[in-house]
Amino acid sequence: MGNSRSRAEPEHCPQFLPEEQAEVDSLFDALSSGEDSSEPSSRSFSLRALKARTAAAPALSPARPQQNHIGEALPPEMVTRLYDGMQRVNPTRSAHGPSQGVSQEQFTVSMSHLLKGNSEEKSLMILKMISAKEGPVTVRELQQFTEDLVGSVEHVLAHRQELRGWTRKKGPGAPARVQALAAHLLSEMKLPGKCPSILATRLRDGSRLLGAHWLDGACDRAAIEDWVFRVPHVATFLRVVVHQGFLVLCSSLDLATLVPECQVGHGRELESILDVLAVIFLNSCLAQGQRHRWRLLFSSQLHGQSFSQLCGHITHQGPCLTLLEDQDGHVFGGFASCSWEVKPQFQAGRLVVSILHHPAVEPPHDLEAPVSTRLSCCQQAPAGPGDDRCFLFSISPSMAVYEHTGYNDHFMYLNCGQQTIPNGLGMGGQHHYFGLWVDADFGKGHSKAKPTCTTYNSPQLSAKENFLFDKMEVWAVGDPSESQLVQGKKSILDIDLEAKALLEISGRTRHSEGIREAQVTISEEDA
Numbered sequence: 001m002g003n004s005r006s007r008a009e010p011e012h013c014p015q016f017l018p019e020e021q022a023e024v025d026s027l028f029d030a031l032s033s034g035e036d037s038s039e040p041s042s043r044s045f046s047l048r049a050l051k052a053r054t055a056a057a058p059a060l061s062p063a064r065p066q067q068n069h070i071g072e073a074l075p076p077e078m079v080t081r082l083y084d085g086m087q088r089v090n091p092t093r094s095a096h097g098p099s100q101g102v103s104q105e106q107f108t109v110s111m112s113h114l115l116k117g118n119s120e121e122k123s124l125m126i127l128k129m130i131s132a133k134e135g136p137v138t139v140r141e142l143q144q145f146t147e148d149l150v151g152s153v154e155h156v157l158a159h160r161q162e163l164r165g166w167t168r169k170k171g172p173g174a175p176a177r178v179q180a181l182a183a184h185l186l187s188e189m190k191l192p193g194k195c196p197s198i199l200a201t202r203l204r205d206g207s208r209l210l211g212a213h214w215l216d217g218a219c220d221r222a223a224i225e226d227w228v229f230r231v232p233h234v235a236t237f238l239r240v241v242v243h244q245g246f247l248v249l250c251s252s253l254d255l256a257t258l259v260p261e262c263q264v265g266h267g268r269e270l271e272s273i274l275d276v277l278a279v280i281f282l283n284s285c286l287a288q289g290q291r292h293r294w295r296l297l298f299s300s301q302l303h304g305q306s307f308s309q310l311c312g313h314i315t316h317q318g319p320c321l322t323l324l325e326d327q328d329g330h331v332f333g334g335f336a337s338c339s340w341e342v343k344p345q346f347q348a349g350r351l352v353v354s355i356l357h358h359p360a361v362e363p364p365h366d367l368e369a370p371v372s373t374r375l376s377c378c379q380q381a382p383a384g385p386g387d388d389r390c391f392l393f394s395i396s397p398s399m400a401v402y403e404h405t406g407y408n409d410h411f412m413y414l415n416c417g418q419q420t421i422p423n424g425l426g427m428g429g430q431h432h433y434f435g436l437w438v439d440a441d442f443g444k445g446h447s448k449a450k451p452t453c454t455t456y457n458s459p460q461l462s463a464k465e466n467f468l469f470d471k472m473e474v475w476a477v478g479d480p481s482e483s484q485l486v487q488g489k490k491s492i493l494d495i496d497l498e499a500k501a502l503l504e505i506s507g508r509t510r511h512s513e514g515i516r517e518a519q520v521t522i523s524e525e526d527a
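Here it is as structure tokens:
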């Protein structure tokens with residue numbers, strides 16, 4: 001292939017600051033200290049040294065005395081990939097084959113490419129970590145590398161105790177979650193001679209649907225470079241693996257926006273529907289200011305199977321994620337960009353209308369563009385009660401995000417106590433035909449799409465069109481405002497007088513009226 005791995009390696013220019021270079025050099029000294037070498041200039045380290053625990057090695061900093069460099073922090077297959085990639089780097093562009101170990105120059109160049117390199121340099125390292133051969137690699141090889149990368153991120157975050165309150169997926173579904181995120185990343189790959197949309201659909205539906213003619217297809221360096229450029233997760237995951245695996249230059253890695261802090265509540269334990277990989281996936285779809293902290297608003301496990309409890313906990317709480325796990329194991333949900341409000345109509349978006357009629361702003365024509373691209377023109381507009389930042393998503397069996405199409409503004413719907421229109425929580429579509437619906441008769445819902453939801457272009461998210469569920473969670477994202485904290489202590493009947501009036505007109509008993517004062521007292525004591 002014309003634009004393949006056979007082209008010359010990029011010129012290397014030092015990218016580390018002096019203090020960073022000193023830390024990288026100290027790490028190399030520790031790794032190579034146990035290796036036999038007659039000349040200091042020919043020092044190197046072996047794969048054995050990289051895998052070994054180096055308790056006797058000098059401390060790299062006062063805060064990290066005598067820590068192992070890799071040890072058990074990374075899975076063995078990723079340690080081997082890192083070593084192979086470093087050993088295959090040829091900074092002098094000499095004609096001879098790989099050295100017997102990793103030299104200091106190879107190590108420095110590799111660390112520079114992995115941590116600070118551009119997409120061209122990172123694609124070079126990925127190719128060297130996959131294969132010793134020159135030329136393209138196969139989709140199968142790239143798929144295995146991506147799964148190893150995702151699995152290594154999960155592994156090293158758990159090993160370094162950086163899960164920030166979340167957990168790893170356990171049991172038989174654990175490998176599937178790694179494969180699902182890897183497939184989502186690969187779905188953005190553009191292969192020569194292949195239709196991107198077909199590849200994306202098949203990868204999101206599971207790699208088992210890819211035949212040999214797909215898996216054995218070639219990925220050249222240009223395709224991988226383009227993939228790294230367009231999928232930021234790839235570069236981020238490489239940095240996490242190196243920073244946390246080697247414990248080097250960790251101050252330059254901000255994990256707070258990769259893995260948000262999990263806030264459940266004082267003295268409460270939750271076995272969440274989410275695991276750390278699902279959280280990383282969803283967090284990347286949010287605005288930057290919403291990525292550092294998630295707080296639990298509602299869990300059917302903690303608050304019971306009650307629609308009134310759901311409404312009371314999620315209204316007027318700002319942007320939030322709603323998640324469901326149906327009885328067939330499908331996990332899916334939606335992101336509400338603004339506070340939920342109980343009202344008998346869709347929470348339509350003023351944001352879209354204001355942009356389309358703003359004389360100084362030209363709206364983007366490509367409604368299939370990513371949310372971040374479309375919102376770049378809309379940041380200064382006033383936010384309405386539900387707007388085109390809302391989206392639906394799937395977590396299991398596949399990971400995917402479904403964004404606003406522009407067809408209608410049926411973003412959010414929350415209603416109760418009505419006789420002639422639906423009572424429940426919905427996103428997208430229309431009455432009785434929602435992209436995502438949770439019925440007021442809690443435990444029932446539907447996801448209708450023939451072929452897709454008009455609002456979000458989403459397929460059927462649940463295993464069955466009309467589904468049953470036992471698990472539901474709602475997470476507020478970002479920091480709450482003072483008004484949201486106050487509203488969180490009130491009953492929905494205090495917040496929404498319309499809902500209160502509807503219940504009184506319908507003759508329904510307000511069972512919570514007599515116990516609400518005690519509930520407030522308990523919550524204040526807990527605080």
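Be aware that the sequence shown starts at 1, since it is given in full-length UniProt numbering, and climbs by one per residue. Virtual Cβ for every residue (Gly too), placed ideally from N, Cα, C. Since the model is a prediction, treat every value here as computed from it, not as a measurement.
DSSP state of residue i mapped onto helix, strand, coil
i    : result
L321 : strand
R295 : strand
W475 : strand
Q87  : helix
D439 : strand
F237 : helix
F346 : coil
E482 : helix
E403 : strand
Q418 : coil
G34  : coil
C219 : strand
W227 : helix
Buried versus exposed, by CB contacts within 10 Å (16 or more), residue i
i           : result
R48         : exposed
R389        : buried
H155        : buried
I421        : exposed
D220        : buried
G117        : buried
K170        : exposed
E20         : buried
E450        : Glu is not the amino acid found at residue 450; the sequence shown has Lys there. Result: exposed.
E147        : buried
P459        : buried
residue 606 : Since the first residue of the chain shown is 1 and the last is 527, residue 606 is not available in this structure.
H184        : buried
S251        : exposed
H432        : exposed
S462        : buried
Q380        : Low per-residue confidence applies at Q380: pLDDT is 32, beneath 50, and the placement is therefore not dependable, though the value from the model is reported in the following sentence. Q380 comes out exposed.
Alpha-carbon spacing of residue i relative to residue j, whole angstroms
i    : j    : result
T315 : D254 : 31 Å
H233 : E120 : 15 Å
C453 : S394 : 14 Å
Y402 : G334 : 9 Å
P480 : V137 : 47 Å
Q305 : F298 : 10 Å
E225 : S123 : 5 Å
L115 : E271 : 35 Å
L286 : T257 : 10 Å
G135 : P75  : 27 Å
D326 : S152 : 29 Å
K128 : E482 : 52 Å
D275 : G71  : 24 Å
F434 : G406 : 16 Å
S46  : F145 : 22 Å
S337 : Q430 : 19 Å
W227 : W475 : 31 Å
Assumed close pair residue i, residue j - CB separation to whole angstroms, cut-off 8 Å
i    : j    : result
V24  : K51  : Actually they do not touch by this definition, with Cβ atoms about 19 Å apart.
G289 : G478 : 6 Å
S339 : G312 : That belief does not hold up - the Cβ atoms of S339 and G312 are roughly 13 Å apart, past 8 Å.
E465 : S447 : 7 Å
Q345 : M412 : The Cβ separation is near 10 Å, so there is no contact.
R140 : L215 : 4 Å
V241 : L149 : 7 Å
H410 : G424 : Rounded, the Cβ-Cβ distance is 14 Å, inconsistent with contact.
G85  : S44  : G85 to S44, Cβ: 15 Å. No contact.
G445 : S396 : Not really, about 16 Å apart at Cβ, beyond 8 Å.
Short Cβ contact (8 Å threshold) for residue i with residue j
i    : j    : result
R293 : Q263 : yes
M189 : F281 : no
R239 : P260 : no
V178 : L277 : yes
S110 : V89  : yes
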